[in-house]
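Let me begin by presenting the structure, written as structure tokens, before commenting on it.
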Amino acid sequence: MAERPTKQASSQGWVNREADKLLASIGKYTQFVFFSKMSLLGLALLLILTIIILPVINADKEGLRIAFNNAKEKAESVPMMTNPKFQGVDENNQPYTITANSALQHDAQTIVLDKIQADIFLKDDAWMNLSANDGTLNTTNKSLLLKGNVHIFHDAGYEFVTEEMHVDMDQNKAYGDKDVQGKGPMGVLRATGFSVTDRGQVMQFNGRVHLTVYPNAGDEKNDA
């Protein structure tokens, strides 16, 4: 009779351990799903940044329509366009539109954009938007520096916000060392830096990283 409590305690301990393992595996799965979907956001990030850089560099290619409203020159004959608008389709025949308040030809290889807005409509009827206060485009090395409230939005509910982003199209990567926040239906991720590599397939958060997973995030398990 004296052994029964010991066996019950041992059995209860085994149940507790198995429950802990199950909860841990659920937690790892939830984080895996969250980071997998954040990597999709990274792919979207490079896609939408690509459609900003390439149309400006290859503005004279067939299939791209450029509309300039109120074109003029600044002092000292520096070319400037007000309300420039770029429209076209990407290699997957997905339409996009890029607008800005102004585009200034700073020198032979540098274009400065003010208040950038870019939209792309995907084949699955999804929509993505990028906005930033300022952009500096180098047409020689195909790089873009975005500064001031850099915001990327996907209509599935995913957002990416930071204050500064560097884009290198030759290397197919983007990175930044300012505070960044990624948000989606599963939770919120904050960090003090990020990088997007491998054509958007890998998105890494650096520095102080904090992940908050919403309590009902596990409900997406069957949909992942």
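Just so you know, we're using the numbering used here here: the sequence shown kicks off at 499 and counts up by one.
Note that CB positions come from ideal geometry on N, CA and C, so glycine has one too.
Given the structure is predicted, the values throughout are model-derived calculations rather than measurements.
Sub-7 Å separation of D588 and W625 beta-carbons: One-based indexing of the sequence shown puts residue 588 at position 90. One-based indexing of the sequence shown puts residue 625 at position 127. In this structure, W625 does not lie closer than 7 Å to D588 by Cβ.
Measuring only the C-alpha atoms, how far is H664 from D617? One-based indexing of the sequence shown puts residue 664 at position 166. One-based indexing of the sequence shown puts residue 617 at position 119. So the two alpha carbons sit approximately 19 Å from each other.
Would DSSP call D696 helix, strand or coil? The count along the sequence shown starts at 1 and reaches residue 696 at position 198. Reduced to three states, the DSSP call for D696 is helix.
Buried or exposed: where does T608 fall if 16 or more other Cβ atoms within 10 Å of its Cβ makes it buried? Indexing the sequence shown from 1 puts residue 608 at position 110. Exposed, by the Cβ-count rule.
State the start and end residues of the unbroken beta strand (DSSP E) segment that holds E657. Position 159 of the sequence shown holds residue 657. Segment 656 to 666, the beta strand (DSSP E) holding E657.
Which one or two residues does DSSP pair with K671 in a beta bridge? One-based indexing of the sequence shown puts residue 671 at position 173. Bridge partners of K671: D666.
Mapping DSSP to helix, strand and coil, what is P593? Within the sequence shown, the letter at position 95 stands for residue 593. Here P593 sits in strand by DSSP.
Excluding the 5 residues flanking S641 on each side, which residues of the same chain have their C-beta closer than 6 Å to its C-beta? One-based indexing of the sequence shown puts residue 641 at position 143. Counting only Cβ-Cβ distances below 6 Å, and skipping sequence neighbours, we find D666.
Using the C-alpha atoms, what's the distance from F658 back to F703? Mapped onto the sequence shown, residue 703 falls at position 205. Mapped onto the sequence shown, residue 658 falls at position 160. Approximately 12 Å between the Cα atoms of the pair.
Neighbour flag for D617 against chain B, beta carbons, 7 Å: Protein chain content of the structure displayed is limited to a single chain, and chain B is not contained in it.
Exposure of V694, with buried meaning 16 or more beta-carbon neighbours within 10 Å: Here the question's residue 694 lines up with position 196 in the sequence shown. When all chains shown are included, V694 counts as buried.
Assigned secondary structure, T690 (DSSP; H/G/I helix, E/B strand, else coil): Position 192 of the sequence shown, counted from the start, is the residue given in the question as residue 690. Reduced to three states, the DSSP call for T690 is coil.
What does the alpha-carbon distance come out to for the pair R688 and Y656? The count along the sequence shown starts at 1 and reaches residue 688 at position 190. The count along the sequence shown starts at 1 and reaches residue 656 at position 158. Taking the straight line joining both Cα atoms gives about 14 Å.
Taking the alpha carbon of H604 as the point to measure from, which residue in M578, Y594, T597 has its own alpha carbon closest? On the sequence shown, residue 604 is found 106 positions in, with the first residue counted as 1. Nearest of M578, Y594, T597 to H604, Cα basis: M578.
So what does DSSP say about L620, is it helix, strand or coil? Here residue 620 refers to the residue found at position 122 when the sequence shown is read from its first residue. L620 falls in the coil class under three-state DSSP.
I'd like to know whether the C-beta atoms of V711 and G685 end up nearer to each other than 7 Å. The residue you call residue 711 lines up with position 213 of the sequence shown. The residue you call residue 685 lines up with position 187 of the sequence shown. It is a contact, given that the beta carbons lie within the stated cut-off.
So for P683, helix, strand or coil by DSSP? In the sequence shown, counting from the first residue as 1, residue 683 sits at position 185. Three-state DSSP puts P683 in coil, outside helix and strand.
On the CB-based measure, 16 or more other CB atoms within 10 Å of its CB, does L521 come out buried or exposed? Taking the sequence shown and counting its residues from 1, one reaches residue 521 at position 23. Residue placement at L521 is flagged as unreliable, the pLDDT there being 41, under the threshold of 50; the coordinate-derived value follows with that caveat. Answer is exposed; the Cβ neighbour count stays below 16.
Within 10 Å of its beta-carbon, does G705 have 16 or more other beta-carbons around it, so buried, or fewer, so exposed? Here the question's residue 705 lines up with position 207 in the sequence shown. By the neighbour-count rule (16 or more Cβ atoms within 10 Å), G705 is not buried but exposed.
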